[in-house]
Amino acid sequence: MSAKTNFEIPLEPERYELRAGSPYRFDLDRRDFFKFLGAGIVVVSVLKPAVVAQESGGGRRRGESLPKEIAAWLHIGEDGKVTVYTGKVEVGQNIRTSLTQAVSEELHVPISKIELVMGDTKLTPFDMGTFGSRTTPTMNLQLRRVAAAARDTLIGLAAAQWKVDAQRLVAADGKIKDPQGNRSVEYAALTKGQQLTQELPAEDPLIPAADWRVAGQSTPKVDGRDFVTGRHRYPSDQKLPDMLYGKVLRPAAFGATLVSLDATKSEQMGATVVHDGDFVGVAAPTSRLAESALEAIRADWKAEPQPSTKELFDYLRKNTTEGHDVTGDGDSYNVGSVDQALSSADHKVTSTYTVAYIAHVPLEPRAALAKWDGDQLTVWTGTQRPFGVRGQLAEAFHMPEDHVRVFMPDTGAAYGGKHTGETAIEAARLAKAAKRPVKLVWTREEEFTWAYFRPAGVIDVMAGIRKDGTITAWEMHNYNSGSAGIRTYYDVPNQRIVFHSVNSPLRQGSYRALAATANHFARESHMDELAHAVKMDSLEFRLKNLKDERLRAVFHAAAKQFGWGKTKTAGQGFGMGGGYEKLGNIATFAEVNVDVKSGEVKVVRVVSAFECGAIVNPDNLRNQIEGSNVQGLGGALFEAIEFENGKILNGRLSQYRVPRFSDLPKLETVLVDRKDIPSVGAGECPMIGLAPAIANAIFDATGTRLRSLPLVPNGLKAS
Amino acid sequence: MATIQLAINGKSYSVETDAQTSLLTVLREHLDLTGSKYGCGEGQCGACTVLVDGKSQRSCITRVGTVSGKQITTIEGLATGEQLHPVQQVFLDEGAMQCAYCTSGMIMSAVALLKKNPSPNESEIVDFMDGNVCRCGTYSRIITAIQKAAKMQGPAMAKGASR
């Protein structure tokens, strides 16, 4: 993995992977379908052509087989039990609950009677992955439609049974009721003996958000009890009879090649040793023996010199790959004449901002359990892209995808960091050699070193402004950190905004909120620099240059809750940041306290106002916003990966600081519920306003403008 | 290799292993008690927290040979049948989790804290819990849950705390 070949993870996968989506292959015919699911009613949601091209890669329907363009399906068994199948996965964002609410709402079945089968490539329809805050705007809607169609099918069955007009029947509490005839029938009685499939009508009337009874409520985590009792089995908890434990030999540095290898001792210890190209691994009946066998391997590596942290930002500027467009949707945005507008501006402000590489640190490291049955491979693993990992496995082992089943048990977090299937491939390779199932769990050090990072970046901003506070020119160049959120939502007539892709010295990829954090940090910090240049209030200055009503609304809401404009005491500072990302709108206000003597910066209070359309689950939404702020605190204040010549220098939890209880500010959340706007995701957007809000508050407290994330890894004086 | 006697959740176990093996490995691999989690392997994250004679201990850096004969409680031993321990219940009630991978360790640490200090104030909670990481960032909910548990009195609480 040399510095030249690090682009295996696209920076903006939600766009990249849309185009690269592999076609869904569902070859069961209708009879097989019921053999597989049991009798009852099945409703499938068929994607519309425009969506199909994006989400499933296309395909045509034929004969008696079910359509290939399925997004999700729902089965109501003869016992009335509802099972919903979706390729989305649960990594703590709580979609198992919010999607269950959606089905419960439209189908009129209690939450407890609904089960979601998620992220199993054998049982669920193709899904490109769980990222980009797409579950709520897409899958939530699909499942509501499926559930609504199932309800109408049941009403139709009851109407036929009673020989009455379907219009007079209603669904409630898992029954179809006939208020005029004063009778009712359980869903189970209607599904008994049926083998009925139904595709979605093109346009199905859904219950408007204003009338929601189950959706819109703070439903607790549906399987929460399994988590507080330790009963839930995460990927790393999976176990099979005769299972071995696997370990993989890691190179001495990134991109190092193996010069010599001696694994004789490891074999003598009873371990299975695999040496296949660059891959060296062991499997043994206990993890302790596997560790000892790995330690007993003698290996020499040859590594090339590589860039280090100290020259990182120079390196990024000098190693652009102009013309190589990783996102594929255009990296440059031009309007008006920036040069003219800059030369005629009353004030010009030019600044450079930087962001460090940071690590996701999902508390559960990558893990996989692999098992071969002849030429059929089954893998349990924690990934945001089970179908993507299936493709990787098929490629690695030169086999058709339908010989591979990837199953994703609800996983110990991901944050954009688990798009890839390293452990799945490693465990499968070892299992193939050992002819027994193999489980492989990365150590924390492996997770820090051999996963991928949020991209580092350099961002230059030049802006021109009139004396009255009108922004006339905006030029922004982002080197490497990504183009998500790069466009400005402020109204500027002359803009030049460019993303420059770079040969990254470290393996990099997705991270919660992607580059939107970096781009908002630069933009919202620069907005304060401009406000300062014309001696305007930060809020007034933003609102003067902002027309978007939804974004204005969250700035107003957060300012009101925060008490913007109040007087401050010594060491205290107030700041704001906000923006638009993944269809949501956020404004974040921060209060910091700076101890001038020690240089300690404490974030005391954070107020967030967030709007993501009609709210599906208010308590979970608050939880996501609070979590975004706590996680965002790390990248804003102190998280940074240090590396030197192909090695990570701080790849342990004792060396890499993550936010803890003692870092927790007072968190206040204002939810702006727009029942008239479709619901969108909330796992990412709430994070983007925090870093600039803190930087602006530190400036407010001290007059010192910090332009690098993390802001204060060593306190204010040393930074 | 040695035969190690362990008392876990009120049951006796006899395990064939090296005394240097970590308690976490023995729990997860030998006894299939997978509620205690691996997070860092160096006692920095608290996901592996169990009670040893009523006190919280990081099982990933505890050698199994050192806890032979001591009373060990894991997350699996906290509830009484279907009756959740009050700390488990408040975590559910407060929605004090997201991915919940840290939750076992959080609950075990909270039980140990409440045994030591039945009515901790916020800064005492922060101090005691600071070695437990929730990367999803649910700290404020966990603090609220612990405060709520502290207010709950009753036989269930006393029972849990006495373990």
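Going down the list, the protein sequences come from chains A and B. Numbering follows this note's numbering, with no gaps: position 144 of the first sequence is 144. Numbering follows this note's numbering, with no gaps: position 7 of the second sequence is 7. All C-beta atoms in this analysis are idealised placements derived from N, C-alpha and C, irrespective of residue type, glycine included. Every value quoted in this text rests on a predicted model; they were computed, and no experiment measured them.
- Listed along chain A, the residues sitting closer than 9 Å to B/T138 by beta-carbon distance are N623, E626, G627 and V630.
- In this structure, DSSP gives A/A290 a helical state, which the three-state scheme calls helix.
- Beta-bridge annotation (DSSP): A/H500 is paired with A/Y479.
- Among the residues of chain B, none has a CB under 8 Å from the CB of A/R385; the nearest is roughly 17 Å distant.
- Three or more Cβ pairs closer than 8 Å define a contact, and the segment 573 to 591 of chain A meets that threshold against the segment 671 to 687 of chain A.
- Under the criterion of beta carbons closer than 8 Å, A/R151 and A/L206 do not qualify as touching, at roughly 11 Å.
- Among the residues facing chain A, B/R63 is not included, as its CB has no counterpart in that chain under 7 Å away.
- The DSSP-derived three-state label of A/N629 is helix.
- DSSP places A/M576 inside the beta strand (DSSP E), whose first and last residues are Q572 to E581.
- With contacts defined by Cβ atoms closer than 7 Å, A/V592 and A/G573 form a contacting pair.
- With 16 or more other CB atoms across the displayed protein chains lying within 10 angstroms of its CB, A/R496 is buried.
- For the segment 65 to 86 of chain B, the residues whose beta carbon sits under 8 Å from a beta carbon of chain A are, in order, T74, I75, E76, L78, A79 and L84.
- Taking a C-beta cut-off of 8 Å against chain B, the contacting residues of the segment 363 to 374 of chain A are L363, E364 and P365, listed in chain order.
- The Cβ of B/M108 sits no closer than 7 Å to any Cβ of chain A.
- According to DSSP, B/K55 shares a beta bridge with B/V52.
- The bridge partners DSSP lists for A/H75 are A/V42 and A/T83.
- Put simply, the CB of A/L377 is far from chain B, with every gap to its CB atoms at 7 Å or more.
- In the displayed model, A/F610 falls within a strand according to three-state DSSP.
- If you look at A/V273, you'll find it isn't in any alpha helix (DSSP H); it sits in the beta strand (DSSP E) that goes T272 to D276.
- DSSP, reduced to helix, strand and coil, places A/T321 outside both helices and strands of the structure shown, so it counts as coil.
- Counted as a single uninterrupted DSSP element, the stretch harbouring A/F397 is not any alpha helix (DSSP H), since DSSP gives it neither H nor E.
- Segment contact: the segment 293 to 309 of chain A against the segment 246 to 253 of chain A, three or more CB-CB distances shorter than 8 Å; contact assigned.
- Uninterrupted beta strand (DSSP E) stretches at least 3 residues long and entirely within the segment 98 to 127 of chain B do not occur.
- In this structure A/R454 is buried. Its beta-carbon is surrounded by 16 or more other beta-carbon atoms within 10 angstroms.
- In the pairwise beta carbon analysis, the segment 215 to 234 of chain A is classified as touching the segment 22 to 39 of chain B: at least three pairs are separated by under 8 Å.
- Under the Cβ criterion of 7 Å, B/S59 is not counted among the residues facing chain A.
- The Cβ atoms of A/K163 and A/V170 lie no closer than 7 Å to each other.
- Any Cβ of chain B closer than 7 Å to the Cβ of A/R657 would place that residue at the interface, and such an atom is absent.
- Using beta-carbon distances, B/C40 counts as an interface residue toward chain A, with a partner under 7 Å.
- Residue pairing of A/H347 in beta bridges, as defined by DSSP: A/I465.
- Per DSSP, reduced to three states, the secondary structure at A/Y415 is coil, with no helix or strand assignment.
- Straight-line measurement puts the Cα of A/N620 at about 7 Å from the Cα of A/N94.
- Collapsing the DSSP output to three states places A/Y490 in coil.
- With a 10 Å radius around the Cβ and a threshold of 16 neighbouring Cβ atoms, A/S608 comes out buried.
- Going by beta carbons, A/K439 and A/M243 fall inside the 7 Å limit.
- Going by DSSP, B/Q88 is part of the alpha helix (DSSP H) stretching over P86 to D93.
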